[in-house]
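Chemist: Quick note: the sequence shown uses the UniProt record's numbering, first residue 1, plus one each step. From the three backbone atoms N, C-alpha and C, an ideal C-beta is built for every residue, glycine too.
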Amino acid sequence: MARSWVNSAERIGADLHLDLSESSGVSGASGPGGRRAALTRGLREAVRDGRLAPGTRLPPYRSLAADLGIARNTVADAYAELVAEGWLTARQGSGTRVAERAEPLRRAERVPRKAPPRARGPRHDLRQGTPDASAFPRAAWLASYRRALQQAPNEVFGPGDPAGRIELREALTEYLARARGVRTEPGRIVICSGFAHALRLLFSQEGGGVLRGPLAMEAYGLGFHRELLAAAGVRTVPLPLDEDGARVDRLARERAVLLTPAHQFPTGGPLHPERRAAVIDWARARGGVVLEDDYDGEFRYDRKPVGAVQGLDPERVIFIGSVSKSLSPAVRLGWMVLPERFVGDVLAAKGEREAWASVLDQLSLADFIVSGAYDRHVRRMRQRYRSRRDRLVSALAAHAPDIEVTGVAAGLHAVLRLPPGSERSVVKAATWQGIALEGLAEFRHPEAAEPGMPVRDGIVVGYATPSEHAYGAALEALCGVLPPGP
Ligand SMILES: Cc1ncc(COP(=O)(O)O)c(C=O)c1O
1 MARSWVNSAE RIGADLHLDL SESSGVSGAS GPGGRRAALT RGLREAVRDG RLAPGTRLPP
61 YRSLAADLGI ARNTVADAYA ELVAEGWLTA RQGSGTRVAE RAEPLRRAER VPRKAPPRAR
121 GPRHDLRQGT PDASAFPRAA WLASYRRALQ QAPNEVFGPG DPAGRIELRE ALTEYLARAR
181 GVRTEPGRIV ICSGFAHALR LLFSQEGGGV LRGPLAMEAY GLGFHRELLA AAGVRTVPLP
241 LDEDGARVDR LARERAVLLT PAHQFPTGGP LHPERRAAVI DWARARGGVV LEDDYDGEFR
301 YDRKPVGAVQ GLDPERVIFI GSVSKSLSPA VRLGWMVLPE RFVGDVLAAK GEREAWASVL
361 DQLSLADFIV SGAYDRHVRR MRQRYRSRRD RLVSALAAHA PDIEVTGVAA GLHAVLRLPP
421 GSERSVVKAA TWQGIALEGL AEFRHPEAAE PGMPVRDGIV VGYATPSEHA YGAALEALCG
481 VLPPGP
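1. For ARG106, count the other beta carbons within 10 Å of its own beta carbon; 16 or more makes it buried, fewer makes it exposed. Which is it?
2. Once DSSP output is grouped into helix, strand and coil, what is the label at GLY28?
3. Given this structure, state the Cα-to-Cα distance separating PHE265 from ALA143, to the nearest angstrom.
4. Given a cut-off of 8 Å, decide if PRO314 and PRO419 are closer than it, judged by their beta-carbon atoms.
5. Measure how close the beta-carbons of HIS124 and GLY434 come, nearest whole angstrom, since I'm counting them as under 8 Å.
6. Among ASP132, LEU68, TYR61, which residue has its Cα nearest to the Cα of ARG97?
7. Using 8 Å as the threshold, is the stretch 462-481 in touch with the stretch 371-390, meaning 3 or more CB pairs across them?
8. By the three-class DSSP mapping on this structure, what secondary structure does PHE319 have?
9. Using 10 angstroms around the beta-carbon of ASP361, count the other beta-carbons present and answer buried if the total reaches 16, otherwise exposed.
10. With a threshold of 16 other CB atoms inside 10 Å of the CB of GLY268, please say whether the residue is buried or exposed.
11. Please confirm if the stretch 414-428 is in contact with the stretch 369-378, defined as three or more CB-CB distances below 8 Å between the two stretches.
12. State yes or no: is the C-beta of PRO270 nearer than 7 Å to some heavy atom of ligand 1?
13. Where does ASP294 sit, in a helix, a strand or coil, going by DSSP?
14. Taking all protein chains shown into account, decide if PHE203 is buried (16 or more other Cβ within 10 angstroms of its Cβ) or exposed.
15. Pairing CB atoms from the stretch 250-260 with CB atoms from the stretch 281-293, are three or more of them under 8 Å?
16. Based on Cα-Cα distance, which residue from SER364, LEU412, GLU206 lies nearest to ARG138?
17. Under the assumption that TYR79 contacts ALA90 (Cβ atoms under 8 Å), give the Cβ distance between them as a whole number of angstroms.
18. Rounded to the nearest angstrom, what separates ALA414 and LEU259 at their Cα positions?
19. Put ALA409 into one of helix, strand or coil per three-state DSSP.
20. Taking GLU243 as the reference, give the member of ALA283, GLU476, ARG146, HIS272 with the closest Cα.
21. With DSSP run on the structure shown, which of helix, strand or coil describes LEU416?
22. What residues match up with VAL237 in a beta bridge as DSSP calls it?
23. Opposite LEU259 in the DSSP bridges: which residues?
24. In the DSSP assignment, the beta strand (DSSP E) including GLY458 goes from what residue to what residue?
25. Going by alpha carbons, who is nearest to GLN92 out of ALA163, PRO122, ARG57?
26. Going by the C-beta, is THR260 closer than 7 Å to any heavy atom of ligand 1?
27. Buried or exposed for GLU227, going by 16 or more other Cβ atoms inside 10 Å?
28. Enumerate, from N- to C-terminal direction, the unbroken beta strand (DSSP E) stretches of 3 or more residues contained entirely within the stretch 151-237.
Set out below in structure tokens:
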């Protein structure tokens with residue numbers, strides 16, 4: 001007997017299927033006792049997992065019995081048992097219903113959790129950090145994925161090599177040399193799930209602590225990275241910034257320094273060539289390590305591409321990049337280009353098998369790069385972001401000519417410098433107008449307010465974040481909240 005009570009379910013308004021077959025696990029389901037047990041169990045399950053909501057009226061004995069092809073008494077007995085257990089209630093005149101108090105049990109035990117109500121997003125999203133999500137190259141990625149899957153040898157579907165797929169490491173060796181001036185070979189590249197993962201691998205004590213603090217970092221940077229390092233027990237020391245980038249002359253006894261040389265995050269400028277040389281001198285003299293965060297190195301709009309510092313001395317610099325700005329932070333793929341002496345320790349920190357970066361995604365990215373799709377996408381996005389940058393600059397020139405814009409030669413965001421003391425009120429006004437953006441204070445190292453570390457007022461505008469059609473309105477709204485000139 002394997003019957004559903006579709007008819008009755010329609011009558012009670014619930015879409016319910018009861019399996020009373022032998023395979024339902026109820027022994028002897030074919031006998032009268034077995035049928036009652038199967039029905040009782042089926043109804044109990046339906047209440048528990050939410051198919052029968054509290055308050056739902058169950059069909060009368062007769063119709064359910066007819067639907068299921070069982071005796072009326074069998075249904076009556078099953079209902080009575082469930083009433084006695086508290087799953088159902090029976091009241092004269094209102095029939096048999098699912099008990100209200102079955103609800104908490106149902107929630108706690110079985111029901112798939114309801115999605116939390118969706119927070120309504122800001123009307124205009126100008127937060128830095130995300131490329132234009134509407135521009136993800138879906139078709140080209142799909143083509144690469146398909147090719148990668150078709151060509152993958154069977155061993156791909158076994159445990160992954162923690163170094164990453166050789167196809168991807170080879171593709172990156174060529175690409176990074178050509179596009180970023182990185183000098184390496186596949187054996188020195190370790191694939192990871194992005195920059196944050198690289199930091200964890202390098203500093204986590206669980207991973208054996210490939211590097212140790214104190215770590216110098218730019219006085220303005222991503223708070224999330226500082227928190228991640230603090231959680232790993234790494235002390236971080238802020239380096240002041242000026243118009244030539246980080247003051248690397250202030251490096252002293254730190255063991256390593258983390259820099260964003262191509263485009264200081266978030267204030268904007270490239271590290272001056274003399275400072276690039278100076279930081280390498282420091283590393284050579286002190287045995288220090290330079291961590292190069294190349295988070296948006298591909299997006300440079302003037303004609304002077306800034307190559308990687310790593311090219312100056314591949315044995316002193318750990319170069320780290322990811323697809324988070326070029327493709328999407330959802331892909332979770334990144335790479336570390338390591339000095340030879342760190343390769344073994346980083347691989348040991350990763351463990352015996354690849355546990356973070358999907359091997360299939362790695363193969364897709366390898367295909368995406370080798371087929372030229374990555375270059376095409378970056379070129380297309382560079383044009384799009386350059387035009388957004390130009391629109392931002394001209395909107396400000398027209399509506400807020402006293403606001404200085406910095407960091408616009410590259411990247412996906414700009415910094416609008418504000419009169420001292422005005423940052424908080426501008427961020428607040430923006431929030432009131434439904435504009436999401438961050439003030440520079442969000443990015444300041446907690447120890448960076450000391451003497452010799454100038455505090456800056458400004459807002460960081462992520463001009464890549466809105467989709468193309470939403471950008472104009474976001475710009476207009478932004479101009480509306482900026483303070484008038486002096
Ligand atoms: C300063 C900085 N570094 C690195 C990254 C990349 O981080 P991840 O690769 O962990 O997504 C970002 C964000 O995309 C960033 O803003």
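Modeler: Taking the geometry as given:
1. What you label residue 106 is simply residue 106 of the sequence shown in a count that begins at 1. Residue placement at ARG106 is flagged as unreliable, the pLDDT there being 47, under the threshold of 50; a coordinate-derived value is accordingly withheld.
2. Here residue 28 refers to the residue found at position 28 of the sequence shown. Note that GLY28 has pLDDT 46, beneath the 50 cutoff, so the model's placement of it is unreliable and no number is given.
3. Numbered from its first residue, the sequence shown carries residue 265 at position 265. Numbered from its first residue, the sequence shown carries residue 143 at position 143. In a straight line, the C-alpha of PHE265 is about 34 Å away from that of ALA143.
4. Position 419 of the sequence shown, counted from the start, is the residue given in the question as residue 419. Position 314 of the sequence shown, counted from the start, is the residue given in the question as residue 314. Not a contact, by the Cβ cut-off of 8 Å.
5. In the sequence shown, counting from the first residue as 1, residue 124 sits at position 124. In the sequence shown, counting from the first residue as 1, residue 434 sits at position 434. Going by Cβ atoms, the distance from HIS124 to GLY434 rounds to 6 Å, so yes, they are a contact pair.
6. Position 97 of the sequence shown, counted from the first residue, corresponds to residue 97. Relative to ARG97, the option among ASP132, LEU68, TYR61 whose CA is nearest is TYR61.
7. As far as the Cβ criterion goes, the stretch 462-481 touches the stretch 371-390, which means the pair count is three or higher.
8. Counted from its first residue, the sequence shown places residue 319 at position 319. Reduced to three states, the DSSP call for PHE319 is strand.
9. Mapped onto the sequence shown, residue 361 falls at position 361. It counts as buried.
10. Along the sequence shown, one-based indexing puts residue 268 at 268. Buried, since its Cβ has 16 or more Cβ neighbours within 10 Å.
11. In short, these stretches do not touch, since the Cβ pair count stays below three.
12. The residue given as residue 270 occupies position 270 in the sequence shown. The beta carbon of PRO270 sits no closer than 7 Å to any heavy atom of ligand 1.
13. Stepping through the sequence shown from its first residue, residue 294 is reached at position 294. In the structure shown, ASP294 sits in coil (DSSP, three-state: anything other than H, G, I, E or B).
14. Indexing the sequence shown from 1 puts residue 203 at position 203. Classification of PHE203: buried, given that the 10 Å Cβ count is 16 or more.
15. The stretch 250-260 vs the stretch 281-293: in contact.
16. Start at 1 with the first residue of the sequence shown, and residue 138 comes out as number 138. The option with the nearest alpha carbon to ARG138 is SER364.
17. By 1-based counting over the sequence shown, the position of residue 79 is 79. By 1-based counting over the sequence shown, the position of residue 90 is 90. That pair is a contact at about 7 Å.
18. The sequence position of residue 414 within the sequence shown is 414, counting from 1. The sequence position of residue 259 within the sequence shown is 259, counting from 1. Answer to the nearest angstrom: the Cα atoms are 18 Å apart.
19. Residue 409 sits at position 409 when you count from the first residue of the sequence shown. The answer is coil: DSSP assigns ALA409 none of H, G, I, E or B.
20. Residue numbering aside, residue 243 sits at position 243 when the sequence shown is read from its first letter. Comparing alpha carbon positions, the residue from ALA283, GLU476, ARG146, HIS272 closest to GLU243 is HIS272.
21. Mapped onto the sequence shown, residue 416 falls at position 416. Per DSSP, reduced to three states, the secondary structure at LEU416 is strand.
22. The sequence position of residue 237 within the sequence shown is 237, counting from 1. Note: VAL237 sits in a beta bridge opposite ALA216.
23. Start at 1 with the first residue of the sequence shown, and residue 259 comes out as number 259. Beta-bridge pairing links LEU259 to GLU292.
24. If you number the sequence shown from 1, residue 458 lands on position 458. Where GLY458 is concerned, the enclosing beta strand (DSSP E) stretches over 458-462.
25. Numbered from its first residue, the sequence shown carries residue 92 at position 92. Ranking the options by Cα distance to GLN92, first place goes to ARG57.
26. Translated into the one-based positions of the sequence shown, residue 260 becomes position 260. THR260 Cβ: within cutoff of ligand 1.
27. Taking the first residue of the sequence shown as position 1, residue 227 is located at position 227. By the beta-carbon neighbour count (other beta carbons within 10 angstroms, threshold 16), GLU227 is exposed.
28. Listed in chain order, they are 189-192, 215-218.
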